[in-house]
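Heads up: the structure comes next, in structure tokens.
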Amino acid sequence: DSGVTQTPKHLITATGQRVTLRCSPRSGDLSVYWYQQSLDQGLQFLIHYYNGEERAKGNILERFSAQQFPDLHSELNLSSLELGDSALYFCASSVEVHARPYNEQFFGPGTRLTVL
Amino acid sequence: AQSVTQLGSHVSVSEGALVLLRCNYSSSVPPYLFWYVQYPNQGLQLLLKYTTGATLVKGINGFEAEFKKSETSFHLTKPSAHMSDAAEYFCAVSYSGGSNYKLTFGKGTLLTVNP
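Residue numbers (this note's numbering), protein chains in the order written: chain L, 1 to 116; chain W, 1001 to 1115.
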């Protein structure tokens, strides 16, 4: 158990719908990263939040957005869903004290999204 | 830009045999390198990481990796495979710059261990 929790574990929805994925980082971790894992694209970085502020965006579609709340949990919002959005979505958290880049990222168990 | 290439999407070994999973990276700045393991229906778990210092890094479950700058490689090895090692392994790179420490992953190598 990494200490990172993600809900829901599975999500099945239809094209055109909107869903919200939730992530609670490990206690004390200020950084939350979101990754998408799909068969064709592999594991790809989506977005990074640090202590409530967006730090960087990766290959994140405009239909997707995220935020990190004052209690440090994060939500990834996916809208106008398409079949190709079906994937495993992971969040990871890290401490990042003194902006060390090599602090380990701890991964949650993921949310499996199926778009029908 | 960073990138990671894992040679071999599928590696099959016999129980007790040497495990060698290959990873080559491309980075314009000094990299930080990681190996993660993913068991079926689970998240990623860190096996080991290279940041600075000793180039031979030991991780959990008997795995180790050697950073070779001249070859831009960070291959993962284990002397004797166990059935429980069957999983997918991902090599990843991060770097010491900016304020975003995202991981860039390779495509992964599925390790099968035969009895």
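Glycine is no exception: its CB is placed at the ideal position from the N, C-alpha and C atoms.
Contiguous beta strand (DSSP E) assignments of at least 3 residues, all confined to the stretch 1064-1097 of chain W: 1064-1068, 1073-1078, 1087-1095
Could you pull the DSSP bridge partners for I47 (chain L) from this structure? Position 47 of the first sequence, counted from the first residue, corresponds to residue 47 (chain L). I47 (chain L) is bridged to L:W34, L:K57.
What did DSSP end up calling N1121 (chain W) once you bin it into helix, strand or coil? Nothing can be reported for residue 1121 (chain W): it is not among the residues displayed for chain W, which extend from 1001 to 1115.
Measuring only between beta-carbons, confirm whether K1069 (chain W) sits less than 8 Å from chain L. The sequence position of residue 1069 (chain W) within the second sequence is 69, counting from 1. Not an interface residue.
Please classify G108 (chain L): does DSSP put it in a helix, a strand, or coil? Here residue 108 (chain L) refers to the residue found at position 108 when the first sequence is read from its first residue. Coil at G108 (chain L), not helix or strand.
Pair within 8 Å by beta-carbon distance, S1094 (chain W) and K1107 (chain W): Here residue 1094 (chain W) refers to the residue found at position 94 when the second sequence is read from its first residue. Here residue 1107 (chain W) refers to the residue found at position 107 when the second sequence is read from its first residue. No. Outside cutoff.
Going along chain W, which residues have a C-beta under 8 Å from S2 (chain L)? Taking the first sequence and counting its residues from 1, the one referred to as residue 2 (chain L) is at position 2. Per Cβ cutoff of 8 Å: G1043, Q1045.
Cβ closer than 9 Å: which chain W residues qualify as neighbours of E75 (chain L)? Within the first sequence, residue 75 (chain L) is the residue found at index 75, counting from 1. Result: empty, since nearest Cβ-Cβ is about 18 Å, beyond 9 Å.
For E1015 (chain W) versus P1079 (chain W), is the C-beta spacing smaller than 8 Å? Residue numbering aside, residue 1015 (chain W) sits at position 15 when the second sequence is read from its first letter. Residue numbering aside, residue 1079 (chain W) sits at position 79 when the second sequence is read from its first letter. No, these two residues do not count as a Cβ contact at 8 Å.
When you compare each of W:V1037, W:G1053, W:K1058 to L1046 (chain W) by their alpha carbons, which one comes out closest? Residue 1046 (chain W) sits at position 46 when you count from the first residue of the second sequence. Of the candidates W:V1037, W:G1053, W:K1058, the one whose C-alpha sits nearest the C-alpha of L1046 (chain W) is W:V1037.
R63 (chain L) to L78 (chain L), Cα distance in whole Å? Against the first sequence, residue 63 (chain L) aligns to sequence position 63. Against the first sequence, residue 78 (chain L) aligns to sequence position 78. C-alpha separation (whole angstroms): 6 Å.
Please list, in chain order, the residues of the stretch 30-52 of chain L that have any C-beta partner in chain W closer than 7 Å. Y33, G42, L43, F45, H48
V1037 (chain W), enclosing beta strand (DSSP E) - first and last residue: Counting from one through the second sequence, the residue named residue 1037 (chain W) turns up at place 37. It spans 1031-1038 - the beta strand (DSSP E) in which V1037 (chain W) sits, taken as one unbroken run.
Excluding the five sequence neighbours on either side, which residues of its own chain have a C-beta within less than 6 Å of the C-beta of G1059 (chain W), listed in chain order? Here residue 1059 (chain W) refers to the residue found at position 59 when the second sequence is read from its first residue. Around G1059 (chain W): L1047, L1048.
Tell me the rounded alpha-carbon separation between L1007 (chain W) and A1065 (chain W). One-based indexing of the second sequence puts residue 1007 (chain W) at position 7. One-based indexing of the second sequence puts residue 1065 (chain W) at position 65. Roughly 15 Å between the two C-alpha positions.
Smallest Cα separation from Y49 (chain L): which of L:D40, L:L43, L:E75? As a first step, residue 49 (chain L) must be located in the first sequence, where it is residue number 49. Among L:D40, L:L43, L:E75, the Cα nearest to that of Y49 (chain L) is on L:E75.
Examine the ligand PLP and report whether any of its heavy atoms sits within less than 7 Å of the Cβ of V1113 (chain W). Summarising the ligand content, the structure contains no ligands, and the ligand PLP is consequently not present.
Kindly list the residues whose CB is nearer than 6 Å to the CB of L116 (chain L), restricted to its own chain and excluding five residues on each side of it in sequence; keep chain order. For the purposes of this step, residue 116 (chain L) is taken as the residue at position 116 of the first sequence. Counting only Cβ-Cβ distances below 6 Å, and skipping sequence neighbours, we find A14.
Mapping DSSP to helix, strand and coil, what is L1103 (chain W)? Against the second sequence, residue 1103 (chain W) aligns to sequence position 103. Looking at L1103 (chain W) - three-state DSSP - the assignment turns out to be coil, as it is neither helix nor strand.
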